Amino acid sequence: MRMRILAALAAISIAALTGCGENAGGGGTSGAAGTLRIMAPASPGGGWDQTSRVAEQALKAADPKRRVEVYNVPGAGGTIGLSQLAGEKGNGNLLMTMGLVMLGAVEQNKSKVTLAETTPIAKLTEEYEIVVVPADSPLKQLSDLVAAWKADPAKVSVAGGSAGGTDHIVAGLMAKAAGVDPKKVNYIAHSGGGEALNALLGGKVTIGISGVGEFAEHVKSGKLRALGITSAQRISGLDAPTLKEGGLDVELANWRGFVAPGGVSEGDKKALTDLVTKMHDSQPWKDAVAKNGWIDSFQTGQQFADYLTSEQARVKGIIAEMGLVS
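Residue numbers (mature numbering (1 follows the signal peptide of the UniProt record, and there is no 0)): -24 to -1, 1 to 302.
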């Protein structure tokens, strides 16, 4: 009797240890089961946070049995979140929202962790940038901004996202196109779109630069005035000229996507890719893309991996030319 009890206890112990071993390192998790966590590596209110929460709802609609939760890890243009993701090697139930901003931040912050340590899953959207001022600003059009910049660049403070990110790059490209040294741009970085908006509405900065989706409603409500957008043509439903119309030859689209930790199994990678593809094809996602003025630019697999590699090289060259890295 005693031997049978000991044998049973031993079997229970082995089963428990086996279960722990499968989950402890994340390698035994499955992208098709369990709670999927989406990291937004920025404060609430910005583009990554917005994309993450739209994806959360679309994923739940596409797969009602799937548990999905979003959490924020702000700081350093997403590189703090990137570092945390690297520590989740093999975890097949974790995605991180990222994009063009993070590529610049990796270079700007000389991050020891790079996107080479992640698993590319999908490119989701592109979004043009918008340059705005408070409604009561004396800067009525882009030519006023150019004149102020040329008179004294230090007096024109620019609110945007992380240093070296898309907003910063746009500010530098605009200054260069206006004949102003990009290194003299008085750029004030914020960890989320909400912070930049508060600085604008509080009169603490001269202009703001962000994705169209973050400022469009405030332009439409009359709280902000658009000086220009970074698209080739005007955007329907938004009272904003292009930067080219205002005399600045600048055109740029931000983009966002998903990566998973490095070291995920091929099975988990496929499960995550299939799940995100299902989300992309869902009506709630399509509706959100249209509502936020995003551009559908869906890519998965090797196509996205190759795109990510080419973008890293392109952004590194841009910010080096702007003098954002030593």
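Where is the CB? At the ideal position from N, CA and C, for every residue including glycine. Computed from a predicted model, the values in this text were never measured in an experiment.
The beta carbons of valine 252 and isoleucine 97 sit about 6 Å from each other, so the pair counts as a contact at 8 Å. Under a 10 Å Cβ-count criterion, lysine 180 is classified as exposed, with fewer than 16 other Cβ atoms of the shown protein chains found around its own Cβ.
When the five nearest sequence neighbours on each side are left out, the beta carbons in the same chain lying within less than 7 Å of the beta carbon of tryptophan 231 are those of Gly75, Leu76, Lys99, Thr101, Glu102, Ser273, in order along the chain. For glycine 10, DSSP assigns no beta-bridge partner whatsoever. If you compare the alpha carbons of Ala127, Gly148, Trp261, Lys126 with that of valine 134, the shortest gap goes to Gly148.
Bridge partners of valine 161 according to DSSP: none are assigned.
Inter-residue distance for lysine 36 and glycine 233 is about 18 Å (C-alpha atoms, whole angstroms). DSSP, reduced to helix, strand and coil, places aspartate 225 outside both helices and strands of the structure shown, so it counts as coil.
Note on glycine 54: 16 or more other CB atoms within 10 angstroms of its CB, so buried under the neighbour-count rule. Inclusion of glycine 22 and alanine 16 in the CB contact set at 9 Å is warranted, their separation being smaller than that value.
Using a C-beta cut-off of 8 Å, the region 108 to 123 makes no contact with the region 84 to 95, since fewer than three inter-stretch Cβ pairs fall below that distance.
Rounded to whole angstroms, the Cβ separation of leucine 91 and leucine 214 is 32 Å, and the two are not in contact under 8 Å.
Bounds of the beta strand (DSSP E) holding aspartate 272 are 271 to 276. Judged by DSSP in its simplified three-state form, leucine 70 adopts strand. When the five nearest sequence neighbours on each side are left out, the beta carbons in the same chain lying within less than 6 Å of the beta carbon of tyrosine 104 are those of Val188, Ile205, Thr206, Ser207, Ala229, in order along the chain. Secondary structure of methionine 15 (DSSP, three-state): strand.
Beta-bridge pairing by DSSP links tryptophan 231 to Glu102.
Scanning Glu171, Gln117, Val161, Asn69 for the CA closest to the CA of glycine 51 turns up Glu171.
Taking the C-beta atoms as reference points, arginine 201 is found nearer than 9 Å to proline 110. Around the C-beta of threonine 11, fewer than 16 other C-beta atoms lie within 10 Å, and the residue is accordingly described as exposed.
Here isoleucine 185 has Glu105, Val107, Val134, Gly136, Asp143, Val146, Ala147 as same chain residues with Cβ atoms under 7 Å from its own Cβ, once five neighbours each way along the sequence are excluded. Segment contact: the region 215 to 222 against the region 112 to 119, three or more CB-CB distances shorter than 8 Å; contact assigned.
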